[in-house]
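Before any comments, here is the structure.
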Amino acid sequence: MIDRLLGPRGPHPNRVSPEGETAVLDDALAHPCHGSLRVAQELAKRNIRVSSGGVRGVWQRHNLLTRHDRLLCLEKSTAERRLTLSDEQIRLLEHFSP
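Letter 44 of the sequence shown, counting from 1, is numbered 214 in the working numbering, and no numbers are missing.
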């Protein structure tokens, strides 16, 4: 709820663009064990300029700061949307599941 409340002038002007935010969230599901620096570097290869701090900010707004949170989100979205998982994602889910 707090992330929805805007200040008197709206969101911060240096906030990540909506396209960048979507790319960060997609990458968080595709590679949940990558850190913020690696995600920023991978996005830069695709001409999406987001700093590692920007990646962390997006993760924070969506409660995905830890690897565990990102893996839980991947597991939840797989169950809801019936996504097909890559071999890497299956291996990670099996390795980190209790």
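Each residue gets a CB set at the ideal place from its N, CA and C atoms; glycine is no exception.
Can we say the region 251-259 touches the region 182-195, given the rule of at least three CB pairs closer than 8 Å?
The way I'd put it, the region 251-259 doesn't touch the region 182-195; fewer than three beta-carbon pairs between them come closer than 8 Å.
Euclidean distance between Cα positions of Gly223 and Ser206:
For Gly223 and Ser206, the distance between alpha carbons rounds to 7 Å.
For Arg240, which of Lys215, His201, Ser187 has the nearest alpha-carbon?
His201
Give the single residue among Gln259, Ile260, Ala210 whose Cα lies nearest to the Cα of Val186.
The shortest C-alpha separation from Val186 is found at Ala210.
Can you tell me which of the three DSSP states Asp257 falls into?
helix
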